[in-house]
Amino acid sequence: FHVKEEHVFEALDNAKGSDSLIQEGNVGGGTGMISFGFKAGTEASSRKIDGLNYTIGVLVQSNFGRKKQLIITGVPVGEELLKIEKKQYNFQPLLVTIVSGDDGNDCETHYPLCPYGKKCTYGSKCKYFH
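Numbering (this note's numbering), first residue to last: 19 to 148.
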């Protein structure tokens, strides 16, 4: 194993005596995290308990859920957002054929394309786009 027992104890000792803040957001393990279709990452929070000599801390790294699964206080917010996005961007499945001149090379796709995806992938060689 790459991580050995002494590494674990060294990390725990460093954490005990450390007053430095941990990095949060889109860093380290938080890079590339997405929750409910939105950018996610690593976050932390802590609270002192009144009357006691305790502090409770939480470190969360989220990477789960599709937008349609987002429900806030019983309201299907994600489904409503998807309806708005569909109207706003008018995502429609298209059959796109790209012919790149007289050499006979074709590229054909049946995948849905966003408006910004309706560009010729062959640059200046592209003769037709329909």
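Every residue, glycine too, gets a C-beta built ideally from N, C-alpha and C. Predicted model, so just to flag it, every value in this text is computed and none were measured.
Environment of residue i [buried if 16+ CB atoms lie within 10 Å]
{"i": "Gly75", "result": "exposed"}
{"i": "Gly162", "result": "For the chain, the structure presents residues 19 to 148; residue 162 sits outside this window and is missing."}
{"i": "Thr91", "result": "exposed"}
{"i": "Leu88", "result": "buried"}
Own chain partners of residue i with C-beta closer than 8 Å, once the 5 adjacent residues on each side are dropped
{"i": "Gly43", "result": "Gly59, Thr60 and Glu61"}
{"i": "Val45", "result": "Gly59 and Thr60"}
{"i": "Tyr72", "result": "Lys66"}
Per DSSP, the bridge partner or partners of residue i
{"i": "Ala58", "result": "DSSP output for Ala58 lists no bridge partner at all."}
{"i": "Thr73", "result": "Lys66"}
{"i": "Gly48", "result": "Answer is none; Gly48 lacks a bridge partner."}
{"i": "Gln41", "result": "Per DSSP, none; premise fails for Gln41."}
{"i": "Gln79", "result": "Thr60"}
Below-8 Å beta-carbon distance, residue i vs any chain D residue
{"i": "Phe27", "result": "Absent from the structure is chain D; it holds one protein chain and no more."}
Closest by C-alpha distance to residue i, when choosing among the options
{"i": "Thr49", "options": "Leu70, Ser80, Val93 and Lys105", "result": "Ser80"}
{"i": "Phe82", "options": "Lys57, Val45 and Leu30", "result": "Lys57"}
{"i": "Ser63", "options": "Lys86, Leu77 and Met51", "result": "Leu77"}
{"i": "Gly96", "options": "Phe54, Glu23 and His20", "result": "Phe54"}
Other residues of its chain near residue i: CB distance less than 7 Å, five sequence neighbours each side excluded
{"i": "Leu99", "result": "Lys85"}
{"i": "Met51", "result": "Ala58, Gly59, Gln79, Ser80 and Asn81"}
Any non-hydrogen atom of the ligand MN closer than 7 Å to residue i Cβ
{"i": "Val76", "result": "Summarising the ligand content, the structure contains no ligands, and the ligand MN is consequently not present."}
Neighbourhood of residue i by C-beta distance below 6 Å, restricted to the same chain and skipping five residues each side
{"i": "Phe27", "result": "none"}
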